Amino acid sequence: MKLYYSPGACSLAAHISLREAGLSFELDKVDLASRRTASGGDYLSINSKGYVPALQFADGSVLTEGPAILQYIADQNPGLRLAPPVGSRERYQLQAWLNFISTELHKQYSPLFNPACTAEQRQAATAALERRYLWLADELRGSAYLVGDRFTVADAYLFTVNGWGAFIGFDLGRWPVIGEYQQRIAARPAVQAALRAEGLLKDMA
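If you want it as structure tokens, here you go:
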């Protein structure tokens, strides 16, 4: 498998998960501005949506969209329980978390990375993030991970998205429980390896 990624983008969650699952994979860095890959290819010919992540298989087929990729990765090594078993109630809890992170956190950050974002748009996005994080902090109290008592691919995704706060000046320090969560996930060897490979160890760990 080959993971197309951009350092620190949402593709980091898939990168972490591939390492957690112990799977064999290659990395190909994508320049999101030029849509060129480090190997010299046209990324739009691989993923016409133009964004990361994309997971390419040996037969040339490609899977896109982070939450789908995360569940696929988890299911390649089910014994590790990076996702609960298909059909279990916990699996649907995992999917609920992936949807929340994708729609309520990830997408609220998106305009804050856009240089064309107006002051009003920035204020609205920041206010929405504050509401979501206030709720999330309550959910994390007394819980080491998002689903049950073990790390799942949802934790890889949340860790990645939370890391963006430092880049756009959004202070997560207001919620110590979230900072503790970040430190706990960052300490995992697979997370450290992924951060190191993407050149992010000092910035996000």
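For the sequence shown, the positions run 799 to 1003 when the working numbering is used.
Ideal Cβ placement from N, Cα and C applies to all residues, glycine included.
Nothing here was measured: the structure is a model prediction, and the numbers come from that model.
message = Per DSSP, what are the beta-bridge partners of L801 in this structure?
response = What you label residue 801 is simply residue 3 of the sequence shown in a count that begins at 1. For L801, which the question treats as bridged, DSSP gives the partners L825, L853.
query = Under 7 Å between the Cβ atoms of P792 and S900?
reply = Nothing in the structure corresponds to residue 792, since the chain is present only between 799 and 1003.
Local Cβ density within 10 Å of L993, reported as buried at 16 or more and exposed below that = Residue mapping note: residue 993 aligns to position 195 of the sequence shown, counting from 1. That one is buried.
query = Per DSSP, what kind of secondary structure is V860 in: helix, strand or coil?
reply = Position 62 of the sequence shown, counting from 1, holds the residue named residue 860. Three-state result, V860: strand.
message = For A954 and L934, I'd like the C-alpha separation in whole angstroms.
response = Taking the sequence shown and counting its residues from 1, the one referred to as residue 954 is at position 156. Taking the sequence shown and counting its residues from 1, the one referred to as residue 934 is at position 136. Taking the straight line joining both Cα atoms gives about 15 Å.
task = Note down, in chain order, each residue of its chain lying with its Cβ closer than 8 Å to the Cβ of C915, except the 5 sequence neighbours on either side.
result = To locate residue 915, count along the sequence shown from 1; it is residue 117. Taken in chain order, the residues that qualify are P909, A923.
inquiry  = Check whether the stretch 952-969 and the stretch 983-998 touch, using three or more Cβ-Cβ pairs below 8 Å as the test.
reply    = yes
request  = Indicate the three-state DSSP secondary structure (helix, strand or coil) for D947 in the structure shown.
outcome  = Locating residue 947 in the sequence shown gives position 149, where the first residue counts as 1. Reduced to three states, the DSSP call for D947 is coil.
query = Taking DSSP as the reference, what is the three-state secondary structure of R929?
reply = Here residue 929 refers to the residue found at position 131 when the sequence shown is read from its first residue. In this structure, R929 counts as helix in the three-state DSSP scheme.
inquiry  = Can you list, in chain order, the residues of its chain with a C-beta nearer than 7 Å to that of A942? Leave out the 5 residues immediately preceding and following it.
reply    = Locating residue 942 in the sequence shown gives position 144, where the first residue counts as 1. R982.
query = Which residue's Cα is closest to the Cα of Y849: V860, Q919, Y803?
reply = Start at 1 with the first residue of the sequence shown, and residue 849 comes out as number 51. Per the Cα distances, Y803.
ask   = Opposite D840 in the DSSP bridges: which residues?
value = On the sequence shown, residue 840 is found 42 positions in, with the first residue counted as 1. R834.
Through-space distance from A831 to Q906, alpha-carbon basis = Residue mapping note: residue 906 aligns to position 108 of the sequence shown, counting from 1. Residue mapping note: residue 831 aligns to position 33 of the sequence shown, counting from 1. In a straight line, the C-alpha of Q906 is about 21 Å away from that of A831.
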